[in-house]
Structure formats: C-alpha cells, structure tokens
Amino acid sequence: MSFEKTAKRVLPASNVERAKRWLGLTDEQNNLSGYLFVLPNVIVFSIFLLAPVLYAFYLSFNEWNILTAEGTWVGLQNYVSVLTPLPWENNWAPLRDPTANLWWYSMKNTVVYAVGTVPLQIYGGLAVALMLDKRIRGKKVYRAAYFMPVMLSGAASAVIWIWLLSSNGIINSFLQPLGLAHNWIGDPSTALGGLILMAIWGGIGFNMILFLAGLQNIPDELYEAARIDGASRWHRFRHVTWPNLGNTSFFVLVMAIIGSFQVFGTALVFSDGGPYYSTTTVVLLIYQRAFEEGQMGVGAAMAFILFLIIFVFSYYQYRYRKSEEVEY
C-alpha cells in the first residue's frame, strides 16, 4: 500500500503533500512498506543507543551520584572544570604537567599516540597488502599470520606485550648482555612508546585486509595498458594502484584516527594509565572519572567533548574527500 493512499485515509487532502515533504518522500519514493521494514531497527536503535546517549548528555549538566541516581543541575560547570585551565595558559603547563589539567594532558597523550600509530598502521598495512597480493607460495598462511593479532582482544594483546617489555621480560633478556636493559613499562618516557608499538602490531593486519580487498577490485586491464605504455613498477603504483585505492585509503585513514582517539582497553591493562599518567588516554580518563571516582557528570562532559572533536574531524575529512573527487 502506497504512503499516499494510506495518508489520505487519516489526513485531510490538503495535508498529504505536507506530510510527504516532512518525511522526505517524492513521487518515486512513496512506499510505506519500506518504512515499516526499517521501523524495528529504528525502535531498537532509539531505545538502546539514542536514548542512553541523550540521557548521558543530560547528565553532563549535572553533578550526578551514581549510587543514589540523583543529581544537582550545575549547567556548564562540568565542561568548564574539564577545559580550564586552557592548554596555552601558564606557559603550556596543562600539556606538560598532569596536575595542572589532566584532560589536556591526556589529550596530548592521545594525539601523540595517534601520530605514532596511524601512519605506520596505514602504510604498513598497504605494504603488506602489496606483497601478499602477488603470486607467492604460502600466501594464505602469511595473510592469516598478519591478521592473527586482530583476532586477539585488547586485554590479551596487552598481557603479551607486558610479558615482552617488562623489566624481566623477553626483550630485556636479549638486551641484558649488551647493557641495554630497561624498564620499558615502568619509565614514563617509554611507556607510551610501548603502547604505540602494540597498536602498530595489532593495526597492520586489519588495514592489510581492507587494502587487499581494494587491490583485488582494480581491473587488470589498467595494469596491462600501463605495461604496454612502458610504465615502471613505481609508475604503475603511482598512477594506477594508488588512485584506485582512494576510497579504501580514505576509509582506513578515518577509521584509524577514530580508533586511536578511542583507545581504552589496551591502555587500561597495559599500565592503567601510568606510570605518572604517561599512558592516560582520553577514554581511559573518562572511565576513571565516571566509574572509579563516581563523577558521572564530569565523565559525561568529557565524553561529549571527545565526540565533538571526532565529529568535526570526520566531517571535514568527508568534505575534503568530496572536494577532491572527480566526476566523469
């Protein structure tokens, strides 16, 4: 039954067109059955995802007690307390001293983590995908081996790397005879580097699968034409492979950056944000404020500030990508 016929039964004739415009329906898209098919998903999404998000937004304006489920309205005070002092105040102290403002210090850790992981995850995944896209013996075994870290949980990966990087771990057993042994996890100057190394190890395999899917969608005729024209291997990659991986590389970049800003489980298990807040990331700080210290309003405010940062980044990345697309 079309939407127009159904609407005429319950609405005056003058309001049918207004209802269609409100629902965004055109003459070619007036089938009510389509809306009925998506209605269960919309209901589930609204109850279990949208409603908790809206409720958390309400909590961000309250000083909320999770035990009594009662709160006091404080307006923007939670947001002000999170963001002040600003990072450029007091000679950039919030970025250097966690006691000045732990939010900005954790944001600095998160940005350093993103800068250290995203490029190597992307280019490492692309390099592995290019190697495994060729006809080599045991290709499926290599693919499974590179993808294996992705199948591990963050907690399991963190335990493995603690075993490797601890003061009496495997790496130090090789460095001890050379006099280079070091407490990699217990030193604030190297703990974040260990977290970055673990993220690169786990992220390359995931990006490899995405790039492999993109490589297999490139027509062989393009490579044949390039070879006939005398293009070298580098020129085939530059003018054939990379342009045809545009959508894949854009997706990988956005997902890698969003994932780096949401790192939580590995940082929690790896060193619980220490030593001296050197591995405290934004999401880990939100968890500590909300669930360990009971400051639900402050934690919710932090969560929505982080949401705004990721949303703005994703939006402008999408706009930039659309501006570079060429229409034929």
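If you count the sequence shown from 1, position 17 lands on 17 in full-length UniProt numbering, and the numbers rise without skipping. From the three backbone atoms N, C-alpha and C, an ideal C-beta is built for every residue, glycine too. Computed from a predicted model, the values in this text were never measured in an experiment.
The three-state secondary structure of W88, taken from DSSP, is coil. Judged by pairs of C-beta atoms under 8 Å, the region 269-280 touches the region 154-166, as three or more such pairs exist. Note: E70 is bridge-paired with N65 in the DSSP secondary-structure output.
Assigned with DSSP and collapsed to three states, D133 falls in coil, not helix or strand. Restricted to the region 143-184, the alpha helix (DSSP H) segments that are unbroken, complete and at least 4 residues in length are 154-165, 170-175, listed in chain order.
Annotated three-state conformation of E292 is helix, per DSSP. For the pair of segments examined, the region 71-86 was found to touch the region 297-306: the number of CB pairs separated by less than 8 Å reaches three.
Shown here for A226: same chain residues with a beta carbon closer than 8 Å to its own, the five before and five after excluded, namely H235, R236, H239, V240 in chain order. A contact is defined here as three or more CB-CB pairs under 8 Å, and the region 282-290 fails this definition with respect to the region 177-188. In the displayed model, L268 falls within a helix according to three-state DSSP. In the DSSP annotation of this structure, D187 is not part of any alpha helix (DSSP H), being labelled neither H nor E. Per DSSP, the unbroken alpha helix (DSSP H) holding Q77 starts and ends at 77-83. DSSP places G230 in no alpha helix (DSSP H); its state is neither H nor E.
Contact annotation: I200 and G124 have beta-carbon atoms nearer than 8 Å.
Secondary structure at L210: helix, using DSSP grouped into helix, strand and coil. Taking N172 as the centre and dropping the five residues before and after it, the same chain places the C-beta of A181 closer than 6 Å to its C-beta, in chain order. Between A127 and S260, the C-beta spacing is not below 8 Å.
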